[in-house]
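In mature numbering (1 follows the signal peptide of the UniProt record, and there is no 0), the protein residues as written are -40 to -1, 1 to 665. Worksheet: the structure to be examined is printed underneath.
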């Protein structure tokens, strides 16, 4: 029920919260507490609802105590610990659930025989767990999930009225009796009795779910009449009765009968305890001081039945007029039960224990970054920041707290390798040296992340050292001789693809040609060095005054060229800037020498020059001395300048047949004035060409007639 402020009472509101956090997933636990505290307006036995939120201290006051009496405050129903003596109990903390007040007579030094009346304090306990999760996609958007973990409380209710009625005295009220009797009608209907109990449920806080209810009474005696020995609970819808006026005649009707069944074991007047719970479809478990099987001397049997038997009825009455009545009867037993007025101790007072749990009814009001607001319990896909939560419960208690979705900075990185002389542009910065370079980015979701560039700069070799190359026309460069680890050739200064294989520079056109060369190591390529190849024009073969000359005329020989080189072979050989034959060389046979010219380090083809002796001696290999004036004599034939010093002819046996020392020597084919015979003869001629050295010629000839 919603509490109202009673006339003359002091209404308090207090709230509190506790918070705890975990590292990986932030968990926030909120304890929202409110209290209903009963104030008496006229007497300690009259409860009045007081609303209190939180754990702050407040006061409990008993109004209109009896003259000469003092109110004593206890912590439980059984008055275990005395907390305070006085009409006003100050400094009450909200940690406790209930407080109990009893009237103490200062004259007699006795507490009233009536049970202590409870000032009931019902804290509203709602535990909220806030779980913060970060979106794995955005790495910063998060969600806040609020989960309620309401606590379970209990309240012990003492009956406002308890009495019994009997058919044999239908008009008599037994409300002041020391016991409530339940008598069987097995033998006679006039002996039939009912025990009536009424409970005020208004002290149970509103907005709860009742989970369990148990009735506890103390049996003072009884005996069996036979037949059914169970005790049945009969619910009564009409609560307009009182213990001081109820009789068999005016008793309210029982609307739900024989709903609950309990077994009572008589043990010759010893005390019984009856704990009522469970329905007929439940099977209660019975415990005794003696173990099973039961016997007539078993002491204090009591029940621990299945939970939930009274719950539907209590929940229905709690949702209605908050007053619950029921009557007990037994077809085959007579039992007597202590009433609240005549219990010898508080443990004997009949009482109803209600276990309840607060419903998860909390209102949420969120505010956050960029004007964010929400009334939802849970938040999803929200940006990082601080979110303020105001949570309120049905009692009007509020809780204010902040929940943070962290701006999760995701640290990532990547590696890059460049060569010396290159650069990397990252986040608007240009880097050229080895190092780690962190930068903060905001992604498309508005989240920050730190990305680190791990840059390594490798060594880049210098460009190869090269010199210009000179290549003659129609020649080629067969060995470039460029030093480096991995040489690459290009025909353009930038871009392009490497040439493979390296160029040979074979060309028939003179001019300058340009190539480019690099050195590459570990994937890093040097700058391109320019290679200049100059192709010089091949000069023509030199022109000479004559291509055939007598050795004695060399002084008149001319080569019409500069930088000439002489060779004795048409190809190869070692050249000389000087002619290999001086003019005073004596030749006995012709020879050919060669001459070339060189221009811009390019040598021309070679021009041949034939050099012949100045006096060439031709000796015929036969003659015909037959008088026809044709080849009738054997003699030396020369080009002039030849002087024959001697000529001797021999036959094949070595006999000299002719000898002359005349420059005009000629054999006519006779020997001693007689024609020599045909056949082979041999000659030996000595001659000179005007030099101091003589030459000779030897050979054979044939005489034919």
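Ideal Cβ positions, reconstructed from N, Cα and C, are used throughout, including at glycine. Please read these numbers as outputs of a predicted model, since none were measured by experiment.
Unbroken alpha helix (DSSP H) run spanning residue i, endpoints
i: residue 272; result: 271 to 279
Cβ separation of residue i and residue j, assumed to be a contact under 8 angstroms, to the nearest whole Å
i: residue 69; j: residue 29; result: That belief does not hold up - the Cβ atoms of residue 69 and residue 29 are roughly 11 angstroms apart, past 8 angstroms.
i: residue 130; j: residue 23; result: With a Cβ gap of about 40 angstroms, residue 130 and residue 23 do not count as contacting.
i: residue 593; j: residue 647; result: That belief does not hold up - the Cβ atoms of residue 593 and residue 647 are roughly 17 angstroms apart, past 8 angstroms.
i: residue 420; j: residue 381; result: 5 angstroms
i: residue 191; j: residue 290; result: 5 angstroms
i: residue 547; j: residue 571; result: 7 angstroms
i: residue 163; j: residue 142; result: Incorrect: roughly 27 angstroms between the Cβ atoms, too far for contact.
i: residue 606; j: residue 589; result: Not confirmed; about 26 angstroms, so no contact.
i: residue 418; j: residue 482; result: 6 angstroms
i: residue 465; j: residue 436; result: 5 angstroms
i: residue 177; j: residue 25; result: Incorrect: roughly 29 angstroms between the Cβ atoms, too far for contact.
Residues near residue i by beta carbon distance below 8 angstroms, same chain, minus five either side
i: residue 34; result: 40, 41, 42, 43, 59, 60, 61, 62, 76
i: residue 472; result: 492, 493, 494, 495
i: residue 422; result: 479, 486, 487
i: residue 630; result: 585, 636
i: residue 561; result: 430, 432, 496
i: residue 535; result: 525, 526, 527, 556
Contacts around residue i, its chain only, beta-carbon distance under 7 angstroms, and the 5 residues preceding and following it disregarded
i: residue 283; result: 158, 160, 161, 199, 277
i: residue 345; result: 328, 329, 365
i: residue 557; result: 499, 502, 521, 522, 523, 524, 564
i: residue 468; result: 433, 434
Same chain, Cβ closer than 6 angstroms to residue i, neighbours up to 5 away in sequence not counted
i: residue 657; result: 577, 579, 645
i: residue 660; result: 640, 642
i: residue 584; result: 591, 664
i: residue 618; result: 609, 627
i: residue 662; result: 582, 640
i: residue 444; result: 424, 479
i: residue 412; result: 373, 396, 398
i: residue 518; result: 505
Counterpart residues of residue i in DSSP-defined beta bridges
i: residue 398; result: 412
i: residue 284; result: 159
i: residue 334; result: 326
i: residue 476; result: 450, 490
i: residue 578; result: 597
i: residue 418; result: 379
i: residue 31; result: 63
i: residue 21; result: 48
i: residue 722; result: No statement about residue 722 is possible, as the shown extent of the chain runs from -40 to 665 and does not include it.
i: residue 216; result: 195
i: residue 301; result: In the DSSP output, where bridge partners are listed per residue, residue 301 has none listed.
i: residue 461; result: Per DSSP, none; premise fails for residue 461.
i: residue 170; result: 316
Where residue i sits in the DSSP three-state scheme
i: residue 329; result: helix
i: residue 128; result: helix
i: residue 115; result: strand
i: residue 433; result: coil
i: residue 513; result: helix
i: residue 490; result: strand
i: residue 443; result: coil
i: residue 557; result: strand
i: residue 107; result: strand
i: residue 497; result: coil
i: residue 619; result: strand
i: residue 664; result: coil
Residue i - containing beta strand (DSSP E), residue span
i: residue 649; result: That residue, residue 649, is in no beta strand (DSSP E); it is neither H nor E in DSSP.
i: residue 42; result: 42 to 45
i: residue 391; result: 389 to 391
i: residue 362; result: 358 to 365
i: residue 526; result: 524 to 527
i: residue 311; result: 311 to 318
i: residue 469; result: Here residue 469 belongs to no beta strand (DSSP E), and DSSP marks it neither H nor E.
i: residue 608; result: 603 to 610
i: residue 535; result: Looking at the DSSP string, residue 535 is not in any beta strand (DSSP E), and its letter there is neither H nor E.
i: residue 549; result: It is not in any beta strand (DSSP E) - residue 549 carries neither H nor E in the DSSP assignment.
i: residue 352; result: 345 to 352
i: residue 570; result: 567 to 572
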